[in-house]
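Undergrad: Dropping a structure here in structure tokens format, bear with me for questions.
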Amino acid sequence: MKPAREKTDLDVPDQLSGPRRIIGDRGDHFLRKVEGETGADISACYQCERCTNACPVSAYMDVNPHQVIRYVQLGWREELLRTTTIWVCLSCEMCTTYCPNNVDVAKTINHLRNMAFLSKVVPAEKILAVFHKTFVNELQRFGRVNEFWLMGSLNRHPDVLKEKIKTGALKEELVLGFEMFRKGKLKLLPHRCNEMKKIREICRK
Amino acid sequence: MNLAFYPGCSLEGMANDYERSITAVFDKLDVKLVEIDDWTCCGATAAHSLSETMAVLLPAKNLAAAEKMGLDIVSPCANCFNRLTYSRKMILKNIYDVPWKVTGKTKIYDMTRFLAQPHMIDQIKQKVLMPLEGLRLVSYYGCQMVRPPKITGFTDYENPQTLDKIAVALGAISLDWSYKATCCGASIGIGRRDIQFNLSTRLIKKAHQAGAEAIIVSCPLCQSNLDMVQNEKGMPKIPVFYFTEMMRLAFEGEKCSIQNFRMHLTDPGRLLREKGLVK
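So the sequence lines, in the order shown, correspond to chains A and B. Its first residue numbered 9, the first sequence is counted upward by one per residue in our numbering. Its first residue numbered 3, the second sequence is counted upward by one per residue in our numbering.
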């Protein structure tokens, strides 16, 4: 058995670190799992930071795209699922397009988002997480997504409603909604598709 | 020539003017659009955020329906086009259990790329009744239409040309700018208004600096983002048109009334009257 490591001055805890942060102590099974599931060659990354420089929203992320790849290599799963990065990512595919080593960064981040939905980790951007779920729920209901109904059911969600009343965004949204209705941009009655049974089956996968 | 038309959810609601202009434009061209029977949503960003399998299987129904019709698909929405191509590529790998039969025979066109083919450009030039002379446009492509190039098949993904070619064919001046394929923020405005505001504002300001009088787009979400952000104080007012609206204006000439542009939040009436394009 390995002797417990003594605490040194080097172990300065930052906001993301838990008790264990020794490089290589978690093995490579998380790396192999993510590589296998996404098909992205994550090991090929040599940290040139080109993805981070290309990313339009890297300024709003707590862990930058190139760091995400490094965290996956190190197996820091929980730290990754707790980041804002996986929610802020726009899937604009700049990182994937410009990576010199063909690492599919966007797909990796997207896969982490899938993992976050399945895990019990509380999402860092709650409203965005609720939005994605609401979107798919609406899709299951009619087969097509109607913006008016989508925003309606999103705003009925208690967390979102509370947040929007607190920041005053609800009032602005109602004004904008009325303006859009006046311009004829809203379709009030949704269209229902025929093969809903199969669609719902897919959505359960 | 017939094409299977996959409009996408936005064109039923927020971007209804896009659909109407598409119908009007294709009435004049020698191409007939046949709407895919009982099409469903492609899943957009939400589906692939929740589960990769869902994102691959949802568009399969539309692909299968188009194959049954035996026609190539054309999609006006950038995200729908991206999801359909991605889905077809993944289904052909034969690792998913797909409830519909997809063989991958049909081609999937993005609407701008279909219209920017040399023979279509010639046809557009012939149909122009009133050239949009003196109108200075910048084209904005957005992300999903051009990236990732391995899926969309754009070879000039850094400086795409399809919309520019159409604009020049209509007689307008197409300006060069560096933000053709920079992200507008997509649906992130739902949870983080600040990020979306910053990204969209930058695009509007850069378009203004490039000397543009209007922006032409082909993505419904980009249009609504760029249009809505101009409500804020101190923003330059640049109308954001769908490229088909400009085509309709050039094709119909004086018959095209200002009523066709009433769904824009930033009023394009002043610009068009100044240029003498509508009465």
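Using N, Cα and C, we set each Cβ at its ideal position, and we do this for glycine too. Since the structure is predicted, the reported quantities are computational estimates derived from the model, not experimental observations.
Would you kindly work out how many angstroms separate the C-alpha atoms of D99(B) and L39(A), rounded to a whole number?
TA: Roughly 26 Å between the two C-alpha positions.
Undergrad: Starting from the N-terminal side, write out each stretch of the alpha helix (DSSP H) that is 4 residues or longer and does not extend beyond the segment 46 to 130 of chain B.
TA: If we require 4 residues or more, the alpha helix (DSSP H) runs fully inside the segment 46 to 130 of chain B come out as 46 to 52, 54 to 59, 62 to 71, 80 to 93, 113 to 117, 120 to 129.
Undergrad: At the level of alpha carbons, what is the spacing between E247(B) and P270(B)?
TA: So the alpha carbons of these two residues sit roughly 12 Å apart.
Undergrad: Beta-carbon separation of P218(B) and M237(B) under 8 Å?
TA: Inspection of the sequence shows that residue 218(B) is occupied by Ile rather than by Pro. Cβ distance not < 8 Å, so I218(B) and M237(B) don't count as in contact.
Undergrad: What number of angstroms, rounded off, separates the C-alpha of L228(B) from the C-alpha of L139(B)?
TA: Looking at the two C-alpha atoms, the distance is approximately 15 Å.
Undergrad: For K239(B), which residues of its own chain have a beta-carbon under 7 Å away from its beta-carbon, when the five flanking residues on both sides are left out?
TA: Cβ neighbours of K239(B) beyond the five flanking positions: Q232, T268.
Undergrad: For Q198(B), count neighbouring Cβ atoms within 10 angstroms of its own Cβ and tell me buried if that reaches 16, exposed if not.
TA: Counting Cβ neighbours within 10 Å, Q198(B) comes out buried, since at least 16 surround it.
Undergrad: Rounded to whole angstroms, what is the Cα-Cα separation between D112(B) and G176(A)?
TA: Answer to the nearest angstrom: the Cα atoms are 39 Å apart.
Undergrad: F38(A) CB to nearest chain B CB: under 8 Å?
TA: So, not an interface residue.
Undergrad: Report the start-end ranges of each alpha helix (DSSP H) in the segment 209 to 259 of chain B that is 4 residues or longer and not cut off at the edges.
TA: Correct list: 222 to 230, 245 to 254.
Undergrad: Closer than 6 Å by C-beta to V71(A): which residues in its own chain qualify, once you throw out the five before and the five after it? Chain order, please.
TA: Closer than 6 Å at the Cβ level, and outside the excluded window around V71(A), lie T91, T93.
Undergrad: Taking only beta-carbon atoms, is H165(A) less than 8 Å away from chain B?
TA: Not an interface residue.
Undergrad: I want to know whether the segment 132 to 150 of chain B touches the segment 160 to 180 of chain B - three or more CB-CB distances under 8 Å.
TA: Because the criterion of three Cβ pairs below 8 Å is met, the segment 132 to 150 of chain B and the segment 160 to 180 of chain B touch.
Undergrad: If you draw a straight line from the alpha carbon of K213(A) to that of L60(B), how long is it in whole angstroms?
TA: Near 11 Å, if we compare the C-alpha coordinates of L60(B) and K213(A).
Undergrad: Exposed or buried, which one is T164(B) when buried takes at least 16 other CB atoms within 10 Å?
TA: T164(B) comes out buried.
Undergrad: Just the C-alpha distance for P9(B) and K193(A), rounded to the nearest angstrom, thanks.
TA: Cα to Cα, P9(B) sits roughly 16 Å from K193(A).
Undergrad: Along chain A, in chain order, which residues have C-beta atoms closer than 8 Å to that of G15(B)?
TA: The answer, in chain order, is N154, E155, F156, K193, L194, K195.
Undergrad: Quick one: list the residues of chain B neighbouring G151(A), beta-carbon separation under 7 Å, in chain order.
TA: The answer, in chain order, is T42, C43.
Undergrad: Can you tell me whether DSSP reads I175(B) as helix, strand or coil?
TA: Here I175(B) sits in strand by DSSP.
Undergrad: Starting from the Cα of K1(B), find the closest Cα among D19(B), T87(B), T105(B), K129(B) and give me that residue.
TA: Residue 1(B) is absent from the structure shown; chain B starts at 3 and stops at 281.
Undergrad: Using the beta-carbon of each residue, which ones in chain A are nearer than 9 Å to G187(B)?
TA: Residues of chain A passing the Cβ test: P64, V65, L98.
Undergrad: Strictly below 8 Å CB to CB, what residues from chain A border K235(B)?
TA: Simply none; closest approach about 14 Å.
Undergrad: On the three-pair Cβ rule with 8 Å, is the segment 125 to 132 of chain A touching the segment 196 to 207 of chain A?
TA: The answer is no - the segment 196 to 207 of chain A does not touch the segment 125 to 132 of chain A, with fewer than three Cβ pairs under 8 Å.
Undergrad: Measuring alpha carbon to alpha carbon, tell me which of K174(A), H119(A), E155(A), D36(A) ends up nearest E54(B).
TA: Nearest C-alpha to E54(B): H119(A).
Undergrad: Can you grab the Cα-Cα spacing for the pair L274(B) / V280(B), in whole Å?
TA: Near 6 Å, if we compare the C-alpha coordinates of V280(B) and L274(B).
Undergrad: For C185(B), which of T142(A), A62(A), E45(A) has the nearest alpha-carbon?
TA: If we check each option's Cα against that of C185(B), A62(A) comes out closest.
Undergrad: Could you check if V76(B) is buried or exposed, using at least 16 other CB atoms within 10 Å of its CB as the buried criterion?
TA: Buried.
Undergrad: Look up S127(A) in the DSSP assignment and say whether it is helix, strand or coil.
TA: Coil, per DSSP.
Undergrad: With respect to the alpha helix (DSSP H) encompassing K206(A), which residues constitute its N-terminal and C-terminal limits?
TA: Element bounds for K206(A): 204 to 211.
Undergrad: With DSSP collapsed to three states, give me the class of R149(B).
TA: Reduced to three states, the DSSP call for R149(B) is coil.
Undergrad: From what residue to what residue does the beta strand (DSSP E) around R138(B) run?
TA: First-last of the beta strand (DSSP E) with R138(B): 138 to 142.
Undergrad: Would you mind telling me which residues of chain D sit closer than 7 Å to T105(A), beta carbon to beta carbon, in chain order?
TA: The chain labelled as chain D is not found among the protein chains of the depicted structure, namely A and B.
Undergrad: With distances taken between CB atoms, is the gap from A46(B) to R90(B) smaller than 8 Å?
TA: Against a cut-off of 8 Å, the Cβ pair of R90(B) and A46(B) comes out as no contact.
Undergrad: Considering only their Cβ atoms, is the gap separating D32(B) from M71(B) smaller than 8 Å?
TA: In this structure, D32(B) does not lie closer than 8 Å to M71(B) by Cβ.
Undergrad: May I ask you to report which of helix, strand or coil DSSP gives K34(B)?
TA: Strand, per DSSP.
Undergrad: In the DSSP assignment, find the beta strand (DSSP E) that holds N4(B) and state where it starts and stops.
TA: Where N4(B) is concerned, the enclosing beta strand (DSSP E) stretches over 4 to 7.
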